[in-house]
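Chains as they are written, first to last, in the working numbering: chain A, 1 to 156; chain B, 1001 to 1270.
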Amino acid sequence: MNINATLIGQTVAFFIFVWFCMKFVWPPLMSAIEERQKRIADGLADADRAAKDLELAQVKASEQLKEAKATANEIIESANKRKAQIIDEAKAEADAERSKIIAQGQAEIEAERNRVKEELRKQLATLAIVGAEKILERSIDEAAQRDIVDKLVAEI
Amino acid sequence: MSATGEALTPQEYIEHHLTHWGSGVDPNAFWSWHIDSLLFSVGLGVLFLWLFRSVGKKATTGVPGKLQCLIEMIVEFVDSSVKETFHGRNKLIAPLALTIFVWVFMMNFMDMIPVDWLPQVAALIAGDHNQHLRVVPTADLNVTFSLALGVFGLIIYYSIKIKGISGFVKELTLQPFNVKAMIPVNFVLESVTLIAKPISLALRLFGNLYAGELIFILIALMYGANVAIAALGVTLHLGWLIFHILVITLQAFIFMMLTIVYLSMAHEDH
């Protein structure tokens, strides 16, 4: 139980150990712990940010989807409109073409009829003159009577 | 009981276990050394520093290994204890607390080793069955007092450094009664308070560990008696050992906490 020089040796050892601990043991351990704490904190912050980003992206994506749907509807609608328009245009064109063809046909028919009428009239005049010649049998001045016949023919 | 050498009486056995491996001609002279206390305390201190240093050097900031985890837990525990109690700025306090806690715990832990193992080994090595060896450095008053005196020195150093000599003297003389006439009374009271700090630190640790060691020795004596008593001894040994796990940890913690508290008080300016 006696106090002896061990006390001194031990005290010296104590201070050396404390000094060594302070210089060489504490700093690396503490820096490792603090570094890791920082990294964990950063990681957690990153995870939070990522979650927020994801949420934002989802909102954005759904918005874009909605927009795309709206655009598609618009396109379909305008296409429908255009289709109706084209059909209408085609109908109108066809109608015009048809009436044009009909009018042309009618005009042709009219011209043909006139031509035939004229022909007939001419032939009838000739026929009448031939008939009158035959009836008179004698020489009648064809030229003198011609205007009378022509008058007749015109009255037909 | 000693396997080598002649049978010892219980008294001789206890005396054998309570005698230090000393140096010097006269074991009672001041200039002699307790070689066993120095050997084990310095050895354990070096082991502590080497272990923590090697882990600290290899410490990764990524996923730590199990040993690194354990050591970081201890370091963080000490660090948080210091931060809770000590509010000044001092780079020494936390490493000091860590050194005290781990070192004292390791020295206390020597108590858990069966009392005859290491003395027997020492006797075999020395070739002398009378070789003395006490393996628990904290059951040596020299060791606990040296720790306490180290802390005491730091208390005085920081008291004077923070408050100046006049501040320190004022603290000793103008409290608790701030009247000139009461200065001698104050001085006596405050000196007792101051000196009680290292003495209580040293004696508390020493008393607990010395008593623990003595009880282990007494229990070890039972193994030498008949089978029934030896069986009882096993039970007692186990019970005391488990209880002692608490004691050694608690004593290391108390020593550390009181060191922090005393140094925190030394840093406070009244």
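From the three backbone atoms N, C-alpha and C, an ideal C-beta is built for every residue, glycine too.
Determine the burial state of residue i: buried for a count of at least 16 other Cβ atoms within 10 Å of its Cβ, exposed for fewer.
i: B:V1135; result: buried
i: A:G131; result: exposed
i: A:A79; result: exposed
i: B:G1150; result: buried
i: A:Q10; result: buried
i: A:S31; result: exposed
i: B:K1197; result: buried
i: B:G1239; result: exposed
i: B:A1094; result: buried
i: B:I1113; result: exposed
i: B:V1055; result: buried
i: B:N1186; result: buried
Are the Cβ atoms of residue i and residue j separated by less than 7 Å?
i: B:G1045; j: A:F15; result: no
i: B:V1143; j: B:S1264; result: no
i: B:G1022; j: B:S1032; result: yes
i: B:H1034; j: A:T6; result: yes
i: B:L1201; j: B:A1148; result: yes
i: B:A1097; j: B:V1082; result: yes
i: B:A1139; j: B:L1209; result: yes
i: B:M1107; j: B:F1048; result: no
i: A:I40; j: B:E1072; result: no
i: B:E1213; j: B:D1111; result: yes
i: B:F1030; j: A:N4; result: yes
i: B:L1174; j: B:D1036; result: no
i: B:I1100; j: B:F1206; result: no
i: B:H1267; j: B:Y1158; result: yes
i: A:V25; j: B:F1077; result: no
i: B:F1152; j: B:I1260; result: no
i: B:A1230; j: B:Y1223; result: yes
i: A:P27; j: B:K1057; result: no
i: A:V153; j: A:A125; result: yes
i: B:H1017; j: B:I1217; result: yes
i: A:V149; j: A:I129; result: yes
Which residues of chain A have a Cβ atom closer than 8 Å to the Cβ of residue i, listed in chain order?
i: B:K1057; result: P28
i: B:D1140; result: T6
i: B:L1098; result: C21, V25, W26
i: B:H1034; result: N4, T6
i: B:L1038; result: T6, G9, Q10, A13
i: B:L1149; result: L7, T11
i: B:S1041; result: Q10, A13
i: B:V1075; result: W26, L29, M30, I33
Pull up the DSSP beta-bridge partners for residue i, would you.
i: B:G1022; result: B:H1034
Between residue i and chain A, is the shortest Cβ-Cβ distance under 7 Å, so that the two count as touching?
i: B:S1159; result: no
i: B:V1136; result: no
i: B:E1072; result: yes
i: B:S1146; result: yes
i: B:F1052; result: yes
i: B:S1200; result: no
i: B:V1307; result: Because chain B is modelled from 1001 through 1270, residue 1307 of chain B falls outside the range shown and cannot be assessed.
i: B:W1031; result: yes
i: B:L1092; result: yes
i: B:L1049; result: yes
i: B:P1184; result: no
i: B:G1207; result: no
i: B:V1082; result: no
i: B:G1088; result: no
i: B:G1065; result: no
i: B:G1224; result: no
i: B:G1045; result: yes
i: B:P1095; result: yes
i: B:V1078; result: no
Which chain B residues sit within Cβ distance under 9 Å of residue i?
i: A:R39; result: T1061, G1062
Measure from the C-beta of residue i to each C-beta in chain B and report whether the shortest distance is under 7 Å.
i: A:G9; result: yes
i: A:A13; result: yes
i: A:A32; result: yes
i: A:A79; result: no
At 9 Å on the CB atoms, spell out the chain A contacts of residue i, in chain order.
i: B:E1213; result: Neighbours of B:E1213 on chain A: none; closest Cβ ~13 Å, over 9 Å.
Taking 6 Å as the cut-off, is the beta-carbon of residue i closer than that to any non-hydrogen atom of the ligand MN?
i: A:I76; result: No copy of the ligand MN occurs in the structure displayed, which carries no ligand at all.
Residues of chain A with CB closer than 7 Å to the CB of residue i, please, in chain order.
i: B:W1103; result: F17
At 7 Å on the CB atoms, spell out the chain B contacts of residue i, in chain order.
i: A:R36; result: T1061
Do we get a CB-CB distance below 7 Å when we pair residue i with the residues of chain E?
i: B:L1246; result: Among the protein chains of the structure shown, namely A and B, there is no chain E.
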